[in-house]
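Below is one structure; the comments refer to it alone.
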Ligand code: FES
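Numbering (this note's numbering), first residue to last: 8 to 127.
Spelled out as structure tokens, the structure:
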């Protein structure tokens, strides 16, 4: 399965509008220079990020309450690169778009907190 980031990287590398069924989002050099960019592709608003040599793409609006992910800080959370929503600070993994949250061990709440994927 190809990730959104891989598809957008392909588009950025060589796709002209309509070529191969792709829609051009922006050039890779433009994204590299900016580090992030909001684009609209086939009516969908997408936040593109260029971090550590990789291209990532997420829906621009946070699924919690619609915060603008394009404006979020990029942070490493226990080895996972995340964008931190500027509105309520949810951490969303760049590679999968999953939300991380801080959890505890209910049997020992004083134990060190750790980040988990929602639903795990
Ligand atoms: S809108 Fe993103 S965390 Fe609330």
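We treat Cβ as the ideally placed atom computed from N, Cα and C, and that holds for glycine.
Return the Cβ separation of residue i and residue j in integer angstroms, given the expectation that the two are a contact with Cβ distance under 8 angstroms.
i: residue 101; j: residue 58; result: 7 angstroms
i: residue 119; j: residue 110; result: Residue 119 to residue 110, Cβ: 11 angstroms. No contact.
i: residue 43; j: residue 52; result: Incorrect: roughly 13 angstroms between the Cβ atoms, too far for contact.
i: residue 54; j: residue 76; result: 5 angstroms
i: residue 95; j: residue 73; result: That pair is no contact at about 11 angstroms.
The beta strand (DSSP E) spanning residue i covers which residue range?
i: residue 72; result: Where residue 72 is concerned, there is no enclosing beta strand (DSSP E), given that its DSSP letter is neither H nor E.
i: residue 111; result: Neither: residue 111 is in no beta strand (DSSP E) and is coded neither H nor E.
i: residue 88; result: 87-91
i: residue 78; result: Premise fails: residue 78 is in no beta strand (DSSP E) and is neither H nor E.
i: residue 45; result: 43-48
i: residue 95; result: First-last for residue 95: undefined, no H or E at that position.
i: residue 51; result: 51-58
With DSSP as the reference, label residue i as helix, strand or coil.
i: residue 36; result: helix
i: residue 101; result: coil
i: residue 117; result: coil
So, at 8 angstroms on beta carbons, what are the nonlocal neighbours of residue i in its own chain, with the 5 sequence-adjacent residues on each side left out?
i: residue 81; result: 56, 58, 88, 89, 90, 91 and 101
i: residue 83; result: 89
i: residue 78; result: 93
Can you confirm whether the stretch 51-69 touches the stretch 93-111 when touching is taken to mean that 3 or more C-beta pairs between the two stretches lie within less than 8 angstroms?
yes
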